[in-house]
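Numbering (the numbering used here), first residue to last: -12 to 343. C-beta atoms are modelled at their ideal positions from N, C-alpha and C, and glycine is treated no differently. From a predicted model like this one, the values you see are computed outputs, not experimental measurements.
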Ligand code: SF4
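Encoded structure:
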């Protein structure tokens, strides 16, 4: 086994230099200024587990620990882990042989697992168990020779990972419009699966259009769009109906965050924007606004939401009311590679993630 050597730092988007935030101004509007804060919002169980897995790997093995792709799609989380010694890469061939690598929450295809084995990497699989569930469905339906219509965004890491389980059986359907033109070999043996972080409404529109063309289309055994994505969409629908403006905290490459902006607009918000940080909230967004809805994607730490609330309070929106549509208490145990400490003792923290 060769010893690790320094490699060039990979080109993954980093947090921009810390900006000095201009305080927002408290300008008069007609009516009472307030914030409706959606709940649930922010970290889901799969993201929490993946982030803890990298932290735990760094504690146990020391820096550097390599991570294939962004562990979760949030620039702040990635930057904080980089500061602790994680190195993010695009592919495993960028990693020195024999190193530790964490696979991201979005999952990997069997080809990636095998490439890691070829490099004698010690892999820690932080794939969210709800993504793994979809992988298993793909394997099972492919074994039964079904054609799988995978509703999702081509090029997203999760879709690449799921499609990679059965490349000869999977066709990606990106949108309702694509449902009208996709071709299948045998319309009597077709099933649809989906990415976990899509808009529920748009996915059902795609499914309905597929079913018009393929009446024998089978459904997945259970929902592929995960509980966290669904819960955050239900909460923002309720908030959006009463909001002049919705602010979604989340990164541009976070599928579920971008979907929250779309859902907010669709469900009545007069305007909706996504921000990574509080200093991206623009004064003009608040012109004439009495009610601001706030939420965050499943990969967003709560501290970033609190910073947005603080900025809004400076602009007179200090009255915050939580709109809760569900309780969440799901937690996943850590990846199996991290469940035992070096002395072979079971690690208590491995019994259920942590809440933030
Ligand atoms: S958004 Fe859903 S599928 Fe993705 S990590 Fe969170 S719980 Fe898992």
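Counted within 10 angstroms of its Cβ, other Cβ atoms place residue i as buried (16 or more) or exposed
i	result
residue 28	buried
residue 143	buried
residue 104	exposed
residue 323	exposed
residue 168	exposed
Other residues of its chain near residue i: CB distance less than 7 Å, five sequence neighbours each side excluded
i	result
residue 304	20, 21, 22, 279
residue 45	52, 71, 72, 73
residue 224	250, 254
residue 296	22, 281, 307
residue 40	89, 111, 113, 321, 322, 325
C-alpha distance - residue i paired with residue j, whole-angstrom precision
i	j	result
residue 243	residue 185	6 Å
residue 37	residue 31	10 Å
residue 345	residue 82	What the structure shows of the chain is the stretch from -12 to 343, and residue 345 is not part of that stretch, so it cannot be assessed.
residue 203	residue 212	21 Å
residue 48	residue 194	45 Å
residue 289	residue 172	47 Å
residue 188	residue 92	24 Å
residue 147	residue 138	12 Å
residue 266	residue 292	12 Å
residue 145	residue 118	8 Å
residue 75	residue 43	16 Å
Endpoints, the beta strand (DSSP E) within which residue i is located
i	result
residue 280	278 to 283
residue 90	87 to 90
residue 21	21 to 26
residue 134	134 to 138
residue 52	52 to 55
Contacts around residue i, its chain only, beta-carbon distance under 6 Å, and the 5 residues preceding and following it disregarded
i	result
residue 238	60, 61, 62, 263
residue 24	281, 307, 309
residue 17	none
residue 122	149, 152
residue 95	148
Endpoints, the alpha helix (DSSP H) within which residue i is located
i	result
residue 299	289 to 301
residue 216	214 to 227
residue 190	187 to 200
residue 208	That residue, residue 208, is in no alpha helix (DSSP H); it is neither H nor E in DSSP.
residue 271	Segment: none, residue 271 is in no alpha helix (DSSP H) and carries neither H nor E.
Which of helix, strand or coil DSSP assigns to residue i
i	result
residue 256	coil
residue 169	coil
residue 46	helix
residue -9	Note that residue -9 scores 33 on pLDDT, short of 50, meaning its location in the model is unreliable and no value can be drawn from it.
residue 63	helix
residue 181	strand
residue 77	coil
residue 310	strand
residue 112	strand
residue 236	strand
residue 121	helix
residue 325	helix
residue 160	strand
Cβ shell of residue i (< 8 Å), same chain only, five flanking positions each side left out
i	result
residue 11	268, 270, 273, 298, 299, 301, 302
Around the ligand COA, which residues pass a check of Cβ closer than 6 Å to any of its heavy atoms? The model depicted lacks the ligand COA and carries the ligand SF4 instead.
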